[in-house]
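Have a look at the structure below, then the notes.
There are 2 protein chains.
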Amino acid sequence: MPKTDRRINRTRRQLADAFIQLCLERDYEQMTLRDLTERADIGYATFFRHYSDKESLLNAILEESISTLISSVNALSDQPELMMTTLFKQLLEQPERYQMLVKTRHISHLLERVMTIGSAMFIEQFAHQLKANIPPDLAARHVIGAVINLIEWWLEPSNRIDPKRMGELINSLIMQPLKDNPALER
Amino acid sequence: MPKTDRRINRTRRQLADAFIQLCLERDYEQMTLRDLTERADIGYATFFRHYSDKESLLNAILEESISTLISSVNALSDQPELMMTTLFKQLLEQPERYQMLVKTRHISHLLERVMTIGSAMFIEQFAHQLKANIPPDLAARHVIGAVINLIEWWLEPSNRIDPKRMGELINSLIMQPLKDNPALER
DNA sequence: CCTTTATGATACAGTGTATATCATAAGCTA
DNA sequence: TAGCTTATGATATACACTGTATCATAAAGG
Numbered sequence: 192m193p194k195t196d197r198r199i200n201r202t203r204r205q206l207a208d209a210f211i212q213l214c215l216e217r218d219y220e221q222m223t224l225r226d227l228t229e230r231a232d233i234g235y236a237t238f239f240r241h242y243s244d245k246e247s248l249l250n251a252i253l254e255e256s257i258s259t260l261i262s263s264v265n266a267l268s269d270q271p272e273l274m275m276t277t278l279f280k281q282l283l284e285q286p287e288r289y290q291m292l293v294k295t296r297h298i299s300h301l302l303e304r305v306m307t308i309g310s311a312m313f314i315e316q317f318a319h320q321l322k323a324n325i326p327p328d329l330a331a332r333h334v335i336g337a338v339i340n341l342i343e344w345w346l347e348p349s350n351r352i353d354p355k356r357m358g359e360l361i362n363s364l365i366m367q368p369l370k371d372n373p374a375l376e377r
Numbered sequence: 192m193p194k195t196d197r198r199i200n201r202t203r204r205q206l207a208d209a210f211i212q213l214c215l216e217r218d219y220e221q222m223t224l225r226d227l228t229e230r231a232d233i234g235y236a237t238f239f240r241h242y243s244d245k246e247s248l249l250n251a252i253l254e255e256s257i258s259t260l261i262s263s264v265n266a267l268s269d270q271p272e273l274m275m276t277t278l279f280k281q282l283l284e285q286p287e288r289y290q291m292l293v294k295t296r297h298i299s300h301l302l303e304r305v306m307t308i309g310s311a312m313f314i315e316q317f318a319h320q321l322k323a324n325i326p327p328d329l330a331a332r333h334v335i336g337a338v339i340n341l342i343e344w345w346l347e348p349s350n351r352i353d354p355k356r357m358g359e360l361i362n363s364l365i366m367q368p369l370k371d372n373p374a375l376e377r
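Chains A and B supply the protein sequences, listed in that same order.
Be aware that the first sequence starts at 192, since it is given in the numbering used here, and climbs by one per residue.
Be aware that the second sequence starts at 192, since it is given in the numbering used here, and climbs by one per residue.
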């Protein structure tokens, strides 16, 4: 592990924090690298020693966040509702970070990234009990997109209802309607 | 109506067409105004005689598109499924335009714009039959966001299934699960 | 046909990006 | 702690893009 120098970690942490702040205060496009390095309190040129451009930093933050989320949720793929509850609890650890990520979803290609990861999981879990005449591609896209949509809503501070309840709602509003047997609804 | 000069309409049409093309070929952020005016085959400085910046042009395209969609769908607010079918038929008139709009949703604030328009419509239509324990804010956001999500999926050329079927799917996957009586499901 | 106005071409200032250089400070290792 | 290594800060610079101003020309409308 060649990346242990405290200065490197310190600089990158300051950059990520400043990036999240400025992205929520202003906007991704309007934030300049001068704004960013000033807020992070590092030299302007130092930025390029770590990332090639603004988007590269965004992607680094995204990949780190995805790793964190996957490892906290991966073992629960056979219990969708619990998995969702756990996911929302995890989002609560760093809400601003995830708010930033959904806000910049089209720049970081968040949806495509999560589709790649989530589709296999979804197919394995739902394919055999999928309601007839629902194209599997549409179903997978609907689940992933609708969950991200509710996450974006929920991350607004005034909307942060109980994670357990969010799990139940996602199950009844998104998951169950895809299944063959409507009697299973809660 | 002071805006009838043919040259003005011609210039704006060329700019909008070029904008849609470049936004789908490359990306919104990477597209420069030089690229745009060159593709549109107009002088660089001419752009600023019509729009103050790139985002201003995007908003003009968005507002025009929203007007078109509203007027084609407005009368059907009491028949959600037919409204959706009609909506998808309308999207088919200019698919690239709407693809561009969903791709740039965070810059144009598409979701907020549609929420403003759609929430009232949704409340009136669904509030009295909403399943217990579902926050109305969440319900409205879920409908709007999930429909836009499926529109984005459907606009991919290989996913353009029959509009009527899309109306049915949206009804059974998004609308009905919000309602109190599960027996109404198709 | 004549007036009005939108356009094209060009020049220019201002701003942001990305790279290079060098002295200094901070971290690592023995 | 001493000495080596490396990340940082400050600065200069080339380059691209934005947005404005100007003027001659072409196109539209009456």
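Cβ coordinates follow ideal geometry from the N, Cα and C atoms, glycine included.
If you're wondering where the values come from, they're calculated on a predicted model, not measured in any experiment.
message: Restricting to Cα atoms, I'd like to know which of A:R203, A:I233, A:I325, A:A311 is closest to N250 of chain A.
response: Taking only the C-alpha atoms, the option nearest N250 of chain A is A:R203.
- prompt: By how many angstroms is the C-alpha of H297 of chain B removed from the C-alpha of M218 of chain A?
  reply: According to the sequence provided, residue 218 of chain A is Asp. The question's Met does not apply to it. Rounded to whole angstroms, D218 of chain A and H297 of chain B show a C-alpha spacing of 10 angstroms.
Contact check, Q205 of chain A vs A236 of chain A, beta carbons under 7 angstroms: Taking 7 angstroms as the cut-off, the Cβ atoms of Q205 of chain A and A236 of chain A do not count as close.
query: For M291 of chain A versus C214 of chain A, is the C-beta spacing smaller than 7 angstroms?
result: The answer is yes: Cβ separation under 7 angstroms.
- prompt: I211 of chain B: which of B:I325, B:P286, B:N372, B:I361 sits nearest, CA to CA?
  reply: Taking only the C-alpha atoms, the option nearest I211 of chain B is B:P286.
DSSP state of L375 of chain B mapped onto helix, strand, coil: Here the model assigns L375 of chain B a pLDDT of 46, short of 50, so the residue's position is not dependable, and the following value carries that caveat. Three-state DSSP puts L375 of chain B in a helix.
query: Checking contacts by CB at 7 angstroms: is P368 of chain A closer than that to chain B?
result: Closer than 7 angstroms to some Cβ of chain B, the Cβ of P368 of chain A qualifies, so yes.
Cα-Cα separation, T195 of chain B to E347 of chain B: Near 35 angstroms, if we compare the C-alpha coordinates of E347 of chain B and T195 of chain B.
- prompt: Within 10 angstroms of its Cβ, does I252 of chain B collect 16 or more other Cβ (buried), or is it exposed?
  reply: By the neighbour-count definition (other C-beta atoms within 10 Å, threshold 16), I252 of chain B is a buried residue.
task: Report the three-state DSSP secondary structure of K370 of chain A (helix, strand or coil).
output: In this structure, K370 of chain A counts as strand in the three-state DSSP scheme.
query: Are any of the Cβ atoms in chain B nearer than 7 angstroms to that of G336 of chain A?
result: At least one chain B Cβ lies under 7 angstroms of G336 of chain A.
- prompt: Where does Q270 of chain A land, buried or exposed, given buried means 16+ other C-beta within 10 angstroms?
  reply: Q270 of chain A is exposed by the Cβ-count criterion.
- prompt: In chain order, what residues of the stretch 307 to 341 of chain A put their CB closer than 9 angstroms to some CB of chain B?
  reply: For the stretch 307 to 341 of chain A, which is checked against every Cβ of chain B, the residues closer than 9 angstroms are K322, N324, I325, P326, D328, L329, A330, R332, H333, I335, G336, A337, I339, N340, L341.
query: Does the Cβ of Q320 of chain B have 16 or more other Cβ atoms within 10 Å, making it buried, or fewer, making it exposed?
result: Its Cβ having fewer than 16 others within 10 Å, Q320 of chain B is exposed.
task: With a 10 Å radius around its C-beta and 16 neighbouring C-beta atoms as the bar for buried, classify R201 of chain B as buried or exposed.
output: Exposure of R201 of chain B is indicated by the presence of fewer than 16 other C-beta atoms within 10 angstroms of its C-beta.
Residue(s) in a DSSP beta bridge with L267 of chain A: L267 of chain A is bridged by DSSP to nothing; it lacks a bridge partner.
- prompt: Buried or exposed: which applies to R198 of chain A, given that a residue is buried once 16 or more other Cβ atoms fall within 10 Å of its Cβ?
  reply: Residue burial is scored here from C-beta neighbours: R198 of chain A has fewer than 16 other C-beta atoms within 10 angstroms and is therefore classed as exposed.
- request: Run down chain B in chain order and give the residues with a C-beta less than 7 angstroms from the C-beta of E303 of chain A.
  value: Near E303 of chain A there are no residues of chain B at all, since even the closest Cβ is about 11 angstroms away, more than 7 angstroms.
Selection of the stretch 283 to 299 of chain B by Cβ proximity to chain A, strictly under 8 angstroms: Here the close residues are K294, T295, R296, H297, I298.
- prompt: With a CB to CB cut of under 6 angstroms and the five nearest residues on each side skipped, what residues in its chain are close to V264 of chain A?
  reply: M274, T277, L278, listed in sequence order.
- request: Tell me, please, which residues DSSP counts as bridged to L321 of chain B.
  value: Answer is B:K370.
task: Using a Cβ cut-off of 9 angstroms, pull out every chain A residue sitting near L360 of chain B, in sequence order please.
output: Those are N324, I325, P326, L329, H333, listed as they occur along chain A.
Three CB pairs or more closer than 8 angstroms across the stretch 326 to 336 of chain A and the stretch 343 to 362 of chain B: Yes: at least three Cβ pairs fall under 8 angstroms.
message: Can you tell me whether L248 of chain A is helix, strand or coil according to DSSP?
response: Here L248 of chain A sits in helix by DSSP.
message: Is it buried or exposed, S258 of chain B, if we count other Cβ atoms within 10 angstroms and call 16 or more buried?
response: The residue is exposed, with fewer than 16 neighbouring Cβ atoms inside 10 Å.
message: Would L364 of chain A pass as an interface residue toward chain B - the criterion being a Cβ-Cβ separation below 7 angstroms?
response: Nearest CB-CB separation between L364 of chain A and chain B: below the 7 angstroms threshold.
field: For E254 of chain B and T223 of chain A, the rounded distance between their alpha carbons
entry: Rounded to the nearest whole angstrom, the C-alpha separation of T223 of chain A and E254 of chain B is 28 angstroms.
query: Can you list, in chain order, the stretches of the alpha helix (DSSP H) that have 4 or more residues and sit fully within the stretch 267 to 305 of chain A?
result: Uninterrupted alpha helix (DSSP H) stretches at least 4 residues long and entirely within the stretch 267 to 305 of chain A occur at 271 to 282, 286 to 294, 296 to 299, given in chain order.
- request: For the alpha helix (DSSP H) holding G234 of chain A, just list the boundary residues, first then last.
  value: Counting along the chain, no alpha helix (DSSP H) covers G234 of chain A, and no H or E run does either.
- request: Kindly give me the distance between the Cβ atoms of L302 of chain B and I339 of chain B, rounded to whole angstroms, as I take these residues to be in contact under 8 angstroms.
  value: At roughly 7 angstroms, the Cβ-Cβ gap stays under 8 angstroms, so L302 of chain B and I339 of chain B are in contact.
message: Within a Cβ cutoff of 8 angstroms, which residues of the same chain sit near D371 of chain A, ignoring the five residues on either side of it in sequence?
response: Counting only Cβ-Cβ distances below 8 angstroms, and skipping sequence neighbours, we find Q320, L321, K322, A323.
task: Using the Cα positions of F317 of chain B and Q367 of chain B, report the straight-line distance between them to the nearest angstrom.
output: In a straight line, the C-alpha of F317 of chain B is about 10 angstroms away from that of Q367 of chain B.
query: What is the DSSP secondary structure of R204 of chain B, counted as helix, strand or coil?
result: Secondary structure at R204 of chain B: helix, using DSSP grouped into helix, strand and coil.
- prompt: Along chain A, which residues have their Cβ under 9 angstroms away from the Cβ of E220 of chain B?
  reply: Within chain A, the residues near E220 of chain B are Y219, E220, E246, I298.
query: Just to confirm, are V305 of chain A and I335 of chain A a CB contact at a threshold of 7 angstroms?
result: Their beta carbons are under 7 angstroms apart, which means V305 of chain A touches I335 of chain A by this criterion.
field: Own chain partners of I233 of chain B with C-beta closer than 8 angstroms, once the 5 adjacent residues on each side are dropped
entry: Cβ neighbours of I233 of chain B beyond the five flanking positions: T202, Q205, L206.
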